[in-house]
Each structure stands twice: as C-alpha cells, then as structure tokens.
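2 protein chains.
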Amino acid sequence: MGPGRRKSTAKMSMGHLEMDIMPIAWRNGAVTVKQVFEELYPARKLAYTTIMTVMKRLAHKGLLEVDDQTVPYVYRAVVDSQELTTAVVDEVVDRLLGGSSATLVLHYLKHGKMSQEERSMITLALEEQVKTD
Amino acid sequence: MGPGRRKSTAKMSMGHLEMDIMPIAWRNGAVTVKQVFEELYPARKLAYTTIMTVMKRLAHKGLLEVDDQTVPYVYRAVVDSQELTTAVVDEVVDRLLGGSSATLVLHYLKHGKMSQEERSMITLALEEQVKTD
DNA sequence: GCCATAATACTACACACTTAGGACTATGCA
DNA sequence: TGCATAGTCCTAAGTGTGTAGTATTATGGC
Numbered sequence: 017m018g019p020g021r022r023k024s025t026a027k028m029s030m031g032h033l034e035m036d037i038m039p040i041a042w043r044n045g046a047v048t049v050k051q052v053f054e055e056l057y058p059a060r061k062l063a064y065t066t067i068m069t070v071m072k073r074l075a076h077k078g079l080l081e082v083d084d085q086t087v088p089y090v091y092r093a094v095v096d097s098q099e100l101t102t103a104v105v106d107e108v109v110d111r112l113l114g115g116s117s118a119t120l121v122l123h124y125l126k127h128g129k130m131s132q133e134e135r136s137m138i139t140l141a142l143e144e145q146v147k148t149d
Numbered sequence: 017m018g019p020g021r022r023k024s025t026a027k028m029s030m031g032h033l034e035m036d037i038m039p040i041a042w043r044n045g046a047v048t049v050k051q052v053f054e055e056l057y058p059a060r061k062l063a064y065t066t067i068m069t070v071m072k073r074l075a076h077k078g079l080l081e082v083d084d085q086t087v088p089y090v091y092r093a094v095v096d097s098q099e100l101t102t103a104v105v106d107e108v109v110d111r112l113l114g115g116s117s118a119t120l121v122l123h124y125l126k127h128g129k130m131s132q133e134e135r136s137m138i139t140l141a142l143e144e145q146v147k148t149d
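The listed protein sequences correspond, in order, to chains Z and U.
Each residue of the first sequence is one higher than the one before, counting from 17 in this note's numbering.
Each residue of the second sequence is one higher than the one before, counting from 17 in this note's numbering.
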C-alpha cells in the first residue's frame, strides 16, 4: 500500500481544518469546494483556495474521493463519521490510556450530551456485553 | 492567559511523542529526562535530547511542571490522565461529531477492553443519568 | 580549585497542516 | 471564436511537532 491512499482508517491523525470539513461532506453526501467554502465561511473567514488545498489533501489521504469528470469537481466522503472518529480517538486512547477506554466512557456518560434513545442503546450494548462474559 | 501556560486543559492538541511521554510521567509521579528516555528507548530508539526537547515543550504547554532547583531537573504531570484525555478527545468529538458522543461510547462498549469492574461502574453511571432525567 | 562526566540549553532541519496569492484552464455566451 | 468568469493548479510562507547535534554548564571526586 503506497503512501497517500490507504485501505481503511487504522490510526489516523487529523488537523483541525481537516476535521471541520469532514462533517460537511457527511451531511451533504456530495460537495464541491464552493459549497464547503460557503458553509464554513461564516465561522472561519478562510480563502476559497485554502478549502481547496485541504480537500485535496483529504482526498490524497483517502478520506474523500473526488469525481473530476465534471467541473466543478465533486467530493464524497469515503469513510463515515463513526469509522473516522473512532480511528482518531483510538490513537489517543491507545497512547494516553494504554487502550483502556473506561475512563473515557464514564466521562461521556456523565458530561456528554446524549438523548434518551442513545442512552437506551448504550444500556442495551452493556447488557449484551455482560451476557457474552 | 498568556501563551504557554494555561490554567487547565480546555481544548488540547498533542503530537504522538508528546502523548507517549505523558503516561510515563503519570506512572512515575516524578521523572527526569533520563528516566523517560530509558523507558521509551526499547520501543522508540530516540536520542536523549529528543526527549528533553519534547518534555520542555510539554512544560511550556502547562502539562508538565519542572523543578529546576535540583539537577537533574524533575518533571511532574500537572494534569491527570482523565483530564488530558478527555480534553484531547473532546476536541475531536466536537469537530467531527458536533459534540455528540453516543457513537463513540457505543464503539468502546463494544470494542474496548474493559474489566467487569469498569463495566459495573458504567452501568451505575448510566442508572444515575436515567434518574436525573 | 580542576577536570571528567552528566545534564541542560541552544540551534537547526524535516515534515505535516494552515493559510493563501497568483498562474493557468475550461466553459458559456456574445 | 474570443473573452469574462469560475474553477483548479502551483507555489510558498508560517507554525507546531519530531528529531537530534553541538555548545554550555553544573557536580563530584581528586
């Protein structure tokens, strides 16, 4: 597997702007640089070319794929939000906590925003775990 | 709050080597550069001065504090592992998931290594949450 | 007090990410 | 078909992190 083009998302590091762009791709399914630029502009007054540079890098990393058959090019996310987030967080948890994630889970149960529905799913998952022991 | 010296750990980004050093400080309570160097050397063949540079940066960031009254200097962690990890992960969760942490929690319940005891604590925390509603 | 040794300070280069300006190109309309 | 415009490509500077070499300083034994 050559550099810049990876099969999946094992161990990933991302910059801030890169992280800000991915959710826009997820929400919209397919985006142009212009679309991302416009969504991002109110919060971060960045140049159009800045967005373009970063989106190209995300494509190079294998996180976005680009259809250059049409102009303007259309970008799509290759990995979904769960896959990418856990890949990035795994890196942190592995290094800082030696892979033990319980503290983190507790933190988010206590301080994270979570709907009733989401909590039910978590309870369920927890019961599954206990059974499997 | 001037640059390089922050009160706490709201929103933190860290490099890989920086993340590898912090747990060594946590485990040992107080460490010298030499100690960290020796713990790290088998896995990462890095120069002594590399470790020194990074530990100094960590002190500058406010994650370690240094006692330079004695030689060799003694470094101590200023933030604990939970505080730092959640600060780093919060950054990622906020940007990639808009702050919604349920997916992440589910991921770790399913794939994270976790003791029986830890799972009990999680179950308890979950029940607390339900009550508070 | 002086020297060997161990530790720290200073400096520097490489790479990744952020940022963006200017050059180049393609598309549609006159 | 040629020009205006929108879009992409190329290039580059600034910052943070990883990496480490060389210079300087401090400590302990003689």
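All C-beta atoms, glycine included, are put in the ideal place defined by N, C-alpha and C.
Here the structure is a predicted model, which means the values were calculated and not measured.
query = Does DSSP classify E143 (chain U) as helix, strand or coil?
reply = Residue state, collapsed to three classes: helix.
query = At a Cβ cut of 9 Å, what residues of the region 111-128 of chain U count as close to chain Z, listed as they run along the chain?
reply = R111, L112, L113, G114, G115, S116, S117, A118, T119, L120, V121, L122, H123, Y124, L125, K126, H127 and G128
ask   = Is E81 (chain Z) buried or exposed, if buried means 16 or more other CB atoms sit within 10 Å of its CB?
value = Exposed is the call here.
ask   = Going by Cα to Cα distance, which pick from Z:V109, Z:D83 and Z:Q145 is closest to S29 (chain Z)?
value = Z:V109
task = Taking only the alpha-carbon atoms, compute the straight-line gap between I106 (chain U) and E34 (chain U) and give it to the nearest angstrom.
result = For clarity, residue 106 (chain U) is Asp in the given sequence; the question names Ile instead. Using only the alpha carbons, I get a separation of about 18 Å.
task = Within its chain, find whatever has a CB closer than 6 Å to the CB of G20 (chain U); leave out the 5 residues flanking it on each side and keep chain order.
result = Reliability of the predicted coordinates at G20 (chain U) is poor, the pLDDT of 40 falling under 50, and no value is obtained from them.
ask   = With 8 Å set as the bound, which would you pick, yes or no: does the beta-carbon of T137 (chain U) sit closer than that to a beta-carbon of chain Z?
value = Going by the sequence as given, residue 137 (chain U) is Met instead of Thr. Chain Z contact via Cβ: present.
Proximity below 8 Å, CB of L125 (chain Z) to CB of R135 (chain U) = no
request  = Would you decide whether R43 (chain Z) is buried or exposed? Buried here means 16 or more other CB atoms lie within 10 Å of its CB.
outcome  = exposed
task = For the region 25-102 of chain U, list the alpha helix (DSSP H) runs that are entirely contained and at least 4 residues long, ordered along the chain.
result = Fully contained in the region 25-102 of chain U are the following alpha helix (DSSP H) runs of length 4 or more, in chain order: 32-44, 49-56 and 64-77.
Rounded straight-line distance, which links the Cα of A46 (chain Z) to that of M71 (chain U) = 43 Å
task = Determine the DSSP secondary structure at S116 (chain U), reduced to helix, strand or coil.
result = strand
key: Any C-beta of chain U under 8 Å from that of M38 (chain Z)   = Contact of M38 (chain Z) with chain U is assigned, a C-beta pair being separated by under 8 Å.
inquiry  = What does DSSP give as the partner residue(s) for S129 (chain Z) in the beta ladder?
reply    = Per the sequence presented here, residue 129 (chain Z) reads as Lys, with Ser not at that position. For K129 (chain Z), which the question treats as bridged, DSSP gives the partners U:S116.
query = According to the Cβ coordinates, are R92 (chain U) and A26 (chain U) closer than 8 Å?
reply = no
task = Compare the beta carbon distance of D84 (chain Z) and L56 (chain Z) with 8 Å and say whether it is the shorter of the two.
result = no
ask   = Residues of chain Z with a CB under 7 Å from the CB of Q98 (chain U): which are they?
value = Simply T119 and H123.
message = I'd like to check one pair, M137 (chain U) with L122 (chain Z): are the Cβ atoms closer than 8 Å?
response = yes
query = For E134 (chain U), which residues in chain Z fall below 7 Å Cβ to Cβ?
reply = For a Cβ distance threshold of 7 Å, residue set A118 of chain Z lies close to E134 (chain U), ordered along the chain.
request  = Note down, in chain order, each residue of its chain lying with its Cβ closer than 8 Å to the Cβ of P39 (chain Z), except the 5 sequence neighbours on either side.
outcome  = S97
task = Determine the burial state of G128 (chain Z): buried for a count of at least 16 other Cβ atoms within 10 Å of its Cβ, exposed for fewer.
result = The C-beta of G128 (chain Z) has 16 or more other C-beta atoms within 10 Å across all chains shown, which makes the residue buried.
Interface flag, V146 (chain U) vs chain Z, CB-CB below 8 Å = yes
task = Indicate whether at least one CB of chain U lies closer than 8 Å to the CB of T102 (chain Z).
result = yes
task = Would you mind telling me which residues of chain U sit closer than 7 Å to D47 (chain Z), beta carbon to beta carbon, in chain order?
result = Residue 47 (chain Z) is actually Val in this sequence, not Asp. Within chain U, no C-beta atom comes nearer than 7 Å to that of V47 (chain Z); the closest sits roughly 16 Å away.
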